[in-house]
Amino acid sequence: MYYEDNNVYYNNEVICTSAEYAQQAQEIAASVPEVPPAEVEWLPLGVFALTIDGGSAEDATLFLQLAVTKEGIIAGTFQNTSTDEAFEVEGTVDQESQRAAWAKVGASWPIMESGIYNLTESEADALLHFEDGETQQWTMIRLDQPEDQ
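Residues in the sequence shown are numbered from 0 upward in steps of one, following numbering that gives the first Met the number 0.
Here it is as structure tokens:
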């Protein structure tokens with residue numbers, strides 16, 4: 000999949016406009032079902048450093064910890080170490096497309112997304128969609144657990 004001329008292509012065919020693709024991601028992220036906390040089993044996906052333009056994990060100041068449930072609910076924490084900002088994120092996995100999308104709890108934009116399979120890899124591409132229609136490509140780099148754990 001790739002972006003070109005405000006369209007999203009898959010197998011060299013247009014599947015939708017970039018605005019439609021971002022709106023789909025927003026709908027996926029916003030479709031978190033109400034589930035009693037006692038009935039939820041979380042599976043950790045890991046902690047990721049977020050980089051743009053070929054950055055490295057060592058230089059990253061943005062970090063994301065994610066977990067998923069068997070029902071496809073995603074939750075976690077975002078942290079910006081340069082501003083000391085931290086907040087919770089939530090979203091879902093679309094069962095048909097396997098797109099995972101999430102946003103800050105209580106916010107509609109921006110939306111970050113990646114394929115759920117990608118979140119099991121050591122490095123994954125992610126898209127960050129903004130309300131004004133801009134989309135940025137980021138890289139999520141899995142951080143190793145400390146050895147004392």
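Even glycine gets a Cβ: it sits at the ideal position worked out from N, Cα and C.
Computed from a predicted model, the values in this text were never measured in an experiment.
Return the CA-CA distance between residue i and residue j, expressed in angstroms with no decimal places.
i	j	result
Ala66	Ile73	6 Å
Glu95	Gln23	13 Å
Val88	Asp4	30 Å
Ile140	Glu19	27 Å
Asn10	Asp143	34 Å
Leu118	Asp58	21 Å
Thr80	Tyr1	31 Å
Ala28	Asp83	25 Å
Asp93	Ser55	29 Å
Gly132	Ser17	8 Å
Trp101	Glu33	16 Å
Give me the residue from the options with the minimum Cα distance to residue i.
i	options	result
Thr91	Ser121, Ser30, Ile14	Ser30
Ala106	Leu118, Gly45, Asn79, Gln25	Gln25
Glu120	Phe77, Phe47, Asp52, Val7	Phe47
Gln97	Ser81, Gly71, Glu122, Thr82	Gly71
Gly45	Val34, Phe62, Ser55	Phe62
Gln153	Asp52, Thr80, Phe77, Ala56	With the chain running from 0 to 148 in the structure shown, residue 153 is simply not present.
Tyr116	Ala99, Lys103, Leu127	Ala99
Ala123	Phe86, Leu49, Asp93, Cys15	Leu49
Gln64	Lys103, His128, Thr134, Ser17	Lys103
Who are the Cβ neighbours of residue i in its own chain at under 8 Å, not counting the five residues just before and after it?
i	result
Glu130	Ser107, Trp108, Pro109
Leu42	Ala66, Val67, Thr68, Lys69
Ala85	Thr76, Phe77, Gln78, Asn79
In chain order, what residues of the same chain have a beta carbon less than 6 Å from the beta carbon of residue i, not counting five sequence neighbours either side?
i	result
Val39	Thr68
Ala125	Met111, Ser113, Trp137, Met139
Cys15	Val7
Leu127	Pro109, Met111, Gln135, Trp137
Assign residue i to one of two classes, buried (16 or more other C-beta atoms within 10 Å of its C-beta) or exposed (fewer than that).
i	result
Ala37	exposed
Ala21	buried
Val13	exposed
So, for residue i: in the same chain, excluding its five sequence neighbours on each side, which residues have a beta-carbon less than 7 Å away from its beta-carbon?
i	result
Thr60	Asn79, Thr80, Ser81
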